[in-house]
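Colleague: Dropping a structure here in structure tokens format, bear with me for questions.
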Amino acid sequence: MFTQLVWLVPLFPLLGFVINALGFGKWSKTSASIIGIGSVLLSFVSVIFLFMEYSGSGQAQTIKLFDWIVAGDLRIGFSFLVDALTLNMLLIITGIGLLIHIYSSGYMHHDEGFGKFFAYLNLFMFSMLILVLGSNFVMMFIGWEGVGLCSYLLIGYWFKNREYTAAANKAFIMNRIGDLGFLLGIFLIYLHFGSVEYQDVFSSASFFSAGDAAIVAITLLLFVGAMGKSAQIPLYTWLPDAMAGPTPVSALIHAATMVTAGIYMIVRSNVLFSLAPVTLEIILIIGVATAMISAIIALTQNDIKKVLAYSTVSQLGYMFAALGVQAYSTAMFHVTTHAFFKALLFLGAGSVIHAMSGEQNMRFMGGLKKKLPLTYFTMLIGTLAITGFPLLSGFFSKDEILLSVMSHNRIMFILLVITSVLSATYMLRLLFMTFFGQFRGTHEQEHHLHESPPVMTYPLIILAFLSVTGGILGLPHITGVHHVLSDFLQPIFINNTRILPHTPELIAEVAVWILSIATLAVVGHFTYRAYALAETDKHPDISKKSVWYRLSYNKFYVDEIYEKGIVRPVLAISSVLHRWFDQFFIDGIVNGAGQVALLLASILRTVQTGNIGLYVIIMVAGIALTLFIVVFKFLSI
Amino acid sequence: MNSDLSSYFPIALQFILAAGFVGLTMFVTHVVGPNLRTRKKLKPFESGINPSGNARQPFAIKYFLTAILFVLFDVEVIFLYPWAINYRELGVYGILTMVIFLGLLLSGFFYIIRKGALDWDQ
Amino acid sequence: MNVLLTLSIAATLALFFGVLRLKNLATPVIVIGLLASLVFNAMEWNNTTSIFNDMMLYNNFTVAFASVGLFITLILVLFYSELSAKHEFHLPEILAIMLFGTVGGIVLLSFRNMVMLFLGIEILSLSYYVLAGIRKQNVYSNEASLKYFLMGAFSSGFLLMGIALIYGVTASLNLNEIAGYVNNAKGIVPPYFLVGVLLILSALLFKVAAAPFHFWTPDVYDGAPTLITALMSSVGKLYSFGAFVLLFNSCFIPLIADWEVILWIAALLSMSVGNITALYQKSVKRMLAYSSIAHAGYMLLALVGINNLTSGSVLFYALAYALASVVSFVVLYIVRDKKGSYDIASFNGLAQKNRMLAVVFTISMLSLTGIPLTAGFFGKFYIFNSALQSGYYWLTAFAVINSFIGAYYYLKPVVAMFASKSDEEITMPALSNSLLILLGILIILIGALPGFISGVI
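Residue numbers (my numbering), protein chains in the order written: chain A, 2 to 638; chain B, 102 to 223; chain C, -3 to 453.
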């Protein structure tokens, strides 16, 4: 019944966007925040209704509103699909979105563009909801582009800072590389399946055999799209830069929701991906490599948000690793728990930055435990959850990934274990540098330190609660309890005959547990000594550090390599062409630029003013070339 | 459809004849006529005054305007000839058509006069 | 026929009001003429009529293209008479010539005889030559006009030569008879015929400003008055592409193997030259000129693999491009009027001073880039879809890559608008203001609900 009204879910944020955009500058901050938060709240309530109805019936439903794009025999409907996967994403998006909206009303309170901020956030919610609700690839793409645009707008939100706008541009352009892959993938899907509706595509996928070239091409292209949006190697460098946006944006878009869109897309098309073992293998390798490299980079970063950003990239790598071994519901499990604790960590970091009057460098923090007790406590829970402290949510989801990878590929498993040691290290480093030891900031900052207002701390508490209890969704096999999330998601794998049911061995499960607890204990001990007890150097001399430290600190110079290897050559080609066409051809004749130009000019002087004569010559040359092709054709027959 | 090149032969012949006649006459007059090339003779004739300055000077656009308008009306007036020849055969329909045509022509004439295109002193 | 008559009479009347010291009546007459012809045009829907013994044929294709052309012309006439009136002594003449150009354009959309093709192109081009040089005191405007005229005359020569060769082979200028000849020949035609087709093709490529026949475009678009550039790039392109589709769709499909190579080379060149050179431009006007070459390249893509989707996708793209380009040129005109320069720097801080202007301009840039939920996205979508249907995978992939390059330079003025400060106030006259808002809404609306337009033909 209620499912028929599913269009209400994206409609509310859209209305919120329109109202806030029109009223920006005219209405008070209070009314802007009421509209912004209220629209998301209504949307969240609708999702709850949807969820209740779905758990009652267990029936996935497609609701078609109207024929949207018609061209020849191509007919794409504006339609929504409500099934388990969609609901899973909807709950995360609207639930976490709601908390972050509430938090923002406190965090952004001093900002002059308050109404604009809420308008953008609502627009983001709308696009993200369209992305997960659409019942075909084109709808997904529309949402995909929409969230990209919002991300661009929000990263460059403080547009008066040149660097921030550069970061926004970088994110936008890198994402467009990914989008290009996605778009081509959609075209290929349409060519091979004659439709872009999920239902048609997935039900006819069984006609293809595993490893079919078309399927491999499609999945690879889709994966390129996922790479861009979910920040995987080589398209990951935009995400750390995206931290230029306000912190709630980082929490919502660049940690909890948008960046998981790539995972959603692959889980959604799991039927196709399962048919392409090659692609899966590539996904696994790239996922593990991303997880590892970004964890190494995170070890030496000093900006609190940068550490969290690299940590996000690393966690996304974990999820891709899970996808690579066809553990789709495991990946979704980690998406869910990660949304809880990473949103928590970012919001906590926001609270710290708020207290430090905008300072983001951890070397100038320290000893904040006493001043910000609530923030400290919730951050502690978040950190423990991400590092896999037993019985917290991250513990279950991460171990599930490790177990799935172990049964598939031992080398990758070992690399992931090493990565989890690294992530425990940098997360504890962050915690200890920020909250322990002596305060290292200026006197003014110390004076100003204060706990955040309740609108900011309540979301933290709720998220901390979720981070602790989130594991209930997927208790391990050993407990004998059903895996709630996995059972819930079962219907979306109905067309997929190639997923192997796998039950981990008891011994492996226990071994992984012991391994992770042991590493956590060891890492905890050493990082505590290194960062909580020892004095932190405020201005370390990077050049004296080891090669490895410098490599990590400089993010493996990837940005520089991209700059030199891709950006510069493209600009160089552009400049050469500019010189060639504009100055050589157009101005160059008169100015006598170069021998050829002079020669041509001397011939052409008799014709006209030089310029126009050359144009005509080129035109005639073009026509002559055209005719030459005809002659050639006739000669060759 | 005979699209062989040979079907274009008469046209080509006419071209050759036309060009040939012009070329030949010019050639013959140059060769046959007595010619004495002196500096004074090769100078542009300007009523006995020594030419000075560049020949390619800009001059009033009014010349062009008048010339263009003349060509326009001249060419359109040519339409009257075929009508005059077929006057009886075309009958009332012809008269009406010609009235519309001349009306348009006249209104154009009226327009350029009002616009001052023929005002030489302006 | 009614449409052509209405337009001509309205234009002539406007000319006479101009010389009879009734200048204030000229604009209303033109606007009423355009509105009336829009109505007459709509009445021709599903009512195919042949005009002048098969010289022209007014069918649904014509109606669809002509309504877009008339609508955009109407919008531009309104803009011109409000924004430019104070600078303009010759307003009635300019508006009348715009209408005469439209007459030529509609001939181009309905010709069934090669002579009418030539006539249409000449009527259209002559109007544009004059319009490009309408600022008599401005050197650039003069240069634009002269260059356009000289090169246009050249291309007309090629067109005539092509028509003559085709007449030589088929002994007919009628499209149906030429089509009949081509169909009977079963792909084997004499070389003169092919040469004729390719000469016509080259002349049409010149008219749509495709590389390597694009050299006039940057200079002419740059030199001509901005609102005239808007006219040339929006409806000028629409009419020429209409003629292109009409001619090649009706006559030369069986010979596709012979001309498609040229076409896809031209498409490839246009896209690359347009986009890559645009990257480097400092002047927004010149950048838009180069980008119009790139857009011609995209539209050629639909023609390369000509099929039943072609005319629909070309129409949609032309509409999307026309809307966005009118908006961007009008905003550019307003900005330049205030700041005195076409530089990207002129856009600095526009968002603060006139938010409506900035938002509408952003929408048009996003549409030109091809961001979803704008008309431009679906324009590209349909074009690419049409090319893919014909099996041009690599060319489409190349076009997609190119369209992503475009994002870079289209965003530059947008960034400038939002990222910097400015103190100068920019105000807009009421009518232009609401027209711009209307166009912005249209771009979004067509982008949100493309099915209503694309299903038409």
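Note that the Cβ used here is the ideal one computed from N, Cα and C, for glycine as well.
1. Could you tell me whether any Cβ in chain B is nearer than 8 Å to the Cβ of Val15 of chain C?
2. Less than 8 Å between the beta carbons of Ile216 of chain A and Val139 of chain A, yes or no?
3. For Leu11 of chain C, return the contacting residues in chain B, with the cut-off set at a CB-CB distance below 7 Å.
4. Name the chain A residues that come within less than 9 Å of Asp419 of chain C, Cβ to Cβ?
5. Between the region 147 to 155 of chain A and the region 123 to 133 of chain A, do three or more beta carbon pairs fall short of 8 Å?
6. Just checking: is the beta-carbon of Lys65 of chain A within a distance shorter than 8 Å of some beta-carbon in chain C?
7. Leaving out five residues on either side along the sequence, give the residues of the same chain with a beta carbon under 8 Å from the beta carbon of Ile70 of chain A.
8. Strictly by DSSP, which residues pair up with Glu198 of chain A?
9. With a CB to CB cut of under 6 Å and the five nearest residues on each side skipped, what residues in its chain are close to Met407 of chain A?
10. Looking at the unbroken alpha helix (DSSP H) that takes in Tyr54 of chain C, where does it start and where does it end?
11. Please report how far the alpha carbon of Ala347 of chain C lies from the alpha carbon of Phe414 of chain C, in whole angstroms.
12. Buried or exposed for Trp390 of chain C, please, with buried defined as at least 16 other CB atoms from any protein chain shown within 10 angstroms of its CB.
13. Starting from Arg76 of chain A and walking both ways along the beta strand (DSSP E), at which residues does that stretch end?
14. Closest Cβ-Cβ distance between Tyr616 of chain A and chain C: below 8 Å?
15. Using a cut-off of 9 Å between C-beta atoms, extract the partners of Ser137 of chain C located in chain A.
16. Measure the C-alpha to C-alpha separation of Ser210 of chain A and Gly359 of chain A and round it to an integer number of angstroms.
17. Return no unless some Cβ of chain A is closer than 8 Å to the Cβ of Leu441 of chain C.
18. State yes or no: is the C-beta of Gly389 of chain A within less than 8 Å of the C-beta of Asp400 of chain A?
19. In chain C, which residues lie less than 8 Å from Thr31 of chain A when you measure between Cβ atoms?
20. I'd like to know whether the C-beta atoms of His355 of chain A and Tyr104 of chain A end up nearer to each other than 8 Å.
21. In the DSSP output, what is Asn362 of chain A paired with across the bridge?
22. Below 7 Å CB to CB, which residues in the same chain sit around Thr607 of chain A once its five sequence neighbours on both sides are set aside?
23. Are the beta-carbon atoms belonging to Ala350 of chain A and Thr443 of chain A less than 8 Å from one another?
24. Is it buried or exposed for Gly589 of chain A, if we count other Cβ within 10 angstroms and need 16 for buried?
25. Please look up how many angstroms separate the CB atoms of Tyr76 of chain C and Ile93 of chain C, rounded, as I've assumed it's under 8 Å.
26. Can you round the beta-carbon distance between Leu461 of chain A and Leu348 of chain A to whole angstroms, since I take them to be within the 8 Å contact cut?
27. Could you give the uninterrupted runs of the alpha helix (DSSP H) lying entirely in the region 8 to 48 of chain A, keeping only those of 4 residues or more?
28. In terms of alpha-carbon separation, which member of A:Leu369, A:Leu403, A:Phe433 and A:Leu431 lies closest to His448 of chain A?
29. Taking the alpha carbon of Thr98 of chain C as the reference point, which residue from C:Tyr317, C:Val216, C:Ser123 and C:Ala81 has its own alpha carbon closest?
30. So the candidates are C:Lys203, C:Thr45 and C:Ile252; which of them puts its Cα closest to the Cα of Asn179 of chain C?
31. Would you say Lys144 of chain B faces chain C, with C-beta separation under 8 Å as the test?
32. Measuring alpha carbon to alpha carbon, tell me which residue in C:Asn303, C:Gly372 and C:Val257 is nearest Phe633 of chain A.
33. Below 8 Å on the Cβ atoms is my guess for Val308 of chain A versus Leu431 of chain A; work out the distance and round it to an integer in Å.
34. Here's a check: name, in chain order, each residue in its chain whose Cβ is nearer than 7 Å to the Cβ of Tyr182 of chain B, leaving out the five neighbours to either side.
35. According to DSSP, simplified to helix, strand and coil, what is Asn271 of chain A?
36. Measuring straight from C-alpha to C-alpha, what distance separates Phe209 of chain C and Ala218 of chain A?
Modeller: Reading off the structure:
1. On the third sequence, position 19 is the one that residue 15 of chain C refers to. So yes, Val15 of chain C belongs to the interface.
2. Walking along the first sequence from the start, residue 216 of chain A turns up at place 215. Walking along the first sequence from the start, residue 139 of chain A turns up at place 138. Cβ atoms of Ile216 of chain A and Val139 of chain A: not closer than 8 Å.
3. For the purposes of this step, residue 11 of chain C is identified with residue 15 of the third sequence, where counting begins at 1. What Leu11 of chain C touches in chain B: Tyr212.
4. One-based indexing of the third sequence puts residue 419 of chain C at position 423. Correct list: empty, because the minimum Cβ distance to chain A is about 15 Å.
5. Contact holds: three or more Cβ-Cβ distances are below 8 Å.
6. Mapped onto the first sequence, residue 65 of chain A falls at position 64. Using beta-carbon distances, Lys65 of chain A does not count as an interface residue toward chain C, since no partner is under 8 Å.
7. On the first sequence, residue 70 of chain A is found 69 positions in, with the first residue counted as 1. Answer for Ile70 of chain A: Arg76, Ile77 and Val139, listed in chain order.
8. For this step, residue 198 of chain A is matched to residue 197 along the first sequence. The partner list for Glu198 of chain A (beta bridge, DSSP) reads A:Asn137.
9. Translated into positions along the first sequence, residue 407 of chain A becomes position 406. If you ignore the 5 residues before and after Met407 of chain A, its C-beta comes within less than 6 Å of the C-beta of Phe414, all in its own chain and listed in chain order.
10. The residue you call residue 54 of chain C lines up with position 58 of the third sequence. Annotation for Tyr54 of chain C: no alpha helix (DSSP H) segment contains it, though the beta strand (DSSP E) segment containing it runs Met52 to Tyr54.
11. Your numbering for residue 347 of chain C matches position 351 in the third sequence. Your numbering for residue 414 of chain C matches position 418 in the third sequence. Straight-line spacing of the CA atoms in Ala347 of chain C and Phe414 of chain C works out to 5 Å.
12. Within the third sequence, residue 390 of chain C is the residue found at index 394, counting from 1. The Cβ neighbour count for Trp390 of chain C, taken over all protein chains shown within 10 Å, is under 16; the residue is labelled exposed.
13. As a working note, residue 76 of chain A is residue 75 in the first sequence. Element bounds for Arg76 of chain A: Leu75 to Val83.
14. As a first step, residue 616 of chain A must be located in the first sequence, where it is residue number 615. Yes, contact with chain C.
15. To locate residue 137 of chain C, count along the third sequence from 1; it is residue 141. Here the premise fails: no neighbours, minimum Cβ distance about 16 Å.
16. What you label residue 210 of chain A is simply residue 209 of the first sequence in a count that begins at 1. What you label residue 359 of chain A is simply residue 358 of the first sequence in a count that begins at 1. Between the C-alpha atoms of Ser210 of chain A and Gly359 of chain A there is a straight-line separation of about 56 Å.
17. As a position in the third sequence, residue 441 of chain C is number 445, starting the count at 1. No, Leu441 of chain C does not count as interfacial toward chain A.
18. Translated into the one-based positions of the first sequence, residue 389 of chain A becomes position 388. Translated into the one-based positions of the first sequence, residue 400 of chain A becomes position 399. Yes, Cβ-Cβ distance for Gly389 of chain A and Asp400 of chain A is below 8 Å.
19. Against the first sequence, residue 31 of chain A aligns to sequence position 30. Those do not exist, as Thr31 of chain A stays about 22 Å from chain C at its closest Cβ, beyond 8 Å.
20. Mapped onto the first sequence, residue 355 of chain A falls at position 354. Mapped onto the first sequence, residue 104 of chain A falls at position 103. Contact annotation: His355 of chain A and Tyr104 of chain A have beta-carbon atoms that are not nearer than 8 Å.
21. If you number the first sequence from 1, residue 362 of chain A lands on position 361. Looking at the DSSP output, Asn362 of chain A bridges to A:Asp304.
22. Locating residue 607 of chain A in the first sequence gives position 606, counting from the first residue. Summary for Thr607 of chain A: the model assigns pLDDT 38, below 50, so the residue's position carries little reliability; its value from the coordinates is reported in the next sentence. Sequence-distant partners of Thr607 of chain A (beyond 5 residues in either direction) whose C-beta falls short of 7 Å from its own C-beta are missing from its chain.
23. Residue mapping note: residue 350 of chain A aligns to position 349 of the first sequence, counting from 1. Residue mapping note: residue 443 of chain A aligns to position 442 of the first sequence, counting from 1. With a cutoff of 8 Å on beta-carbon distance, Ala350 of chain A and Thr443 of chain A are scored as not near each other.
24. Locating residue 589 of chain A in the first sequence gives position 588, where the first residue counts as 1. A caution first: Gly589 of chain A carries a pLDDT of 44, below 50, which makes its placement in the model unreliable, though a value can still be read off. Classification of Gly589 of chain A: buried, given that the 10 Å Cβ count is 16 or more.
25. The residue given as residue 76 of chain C occupies position 80 in the third sequence. The residue given as residue 93 of chain C occupies position 97 in the third sequence. Your pair Tyr76 of chain C and Ile93 of chain C does not check out as a contact, with CB atoms roughly 11 Å apart and the cut at 8 Å.
26. In the first sequence, the residue the question calls residue 461 of chain A occupies position 460. In the first sequence, the residue the question calls residue 348 of chain A occupies position 347. 6 Å between Cβ atoms; contact.
27. 9 to 24, all fully within the region 8 to 48 of chain A.
28. Walking along the first sequence from the start, residue 448 of chain A turns up at place 447. Of the listed residues, the one whose Cα sits closest to His448 of chain A is A:Leu369.
29. Within the third sequence, the letter at position 102 stands for residue 98 of chain C. That would be C:Ser123, whose Cα lies nearest to the Cα of Thr98 of chain C.
30. Stepping through the third sequence from its first residue, residue 179 of chain C is reached at position 183. Asn179 of chain C has its Cα closest to that of C:Ile252, out of C:Lys203, C:Thr45 and C:Ile252.
31. Within the second sequence, residue 144 of chain B is the residue found at index 43, counting from 1. So, not an interface residue.
32. Taking the first residue of the first sequence as 1, we reach residue 633 of chain A at position 632. Ranking the options by Cα distance to Phe633 of chain A, first place goes to C:Val257.
33. As a first step, residue 308 of chain A must be located in the first sequence, where it is residue number 307. As a first step, residue 431 of chain A must be located in the first sequence, where it is residue number 430. Distance from Val308 of chain A to Leu431 of chain A at the Cβ level is roughly 5 Å; contact confirmed, criterion being Cβ atoms closer than 8 Å.
34. For this step, residue 182 of chain B is matched to residue 81 along the second sequence. When the five nearest sequence neighbours on each side are left out, no beta carbon in the same chain lies closer than 7 Å to the beta carbon of Tyr182 of chain B.
35. Taking the first sequence and counting its residues from 1, the one referred to as residue 271 of chain A is at position 270. Assignment of Asn271 of chain A by DSSP, reduced to helix, strand and coil, places it in the helix class.
36. By 1-based counting over the third sequence, the position of residue 209 of chain C is 213. By 1-based counting over the first sequence, the position of residue 218 of chain A is 217. Answer to the nearest angstrom: the Cα atoms are 37 Å apart.
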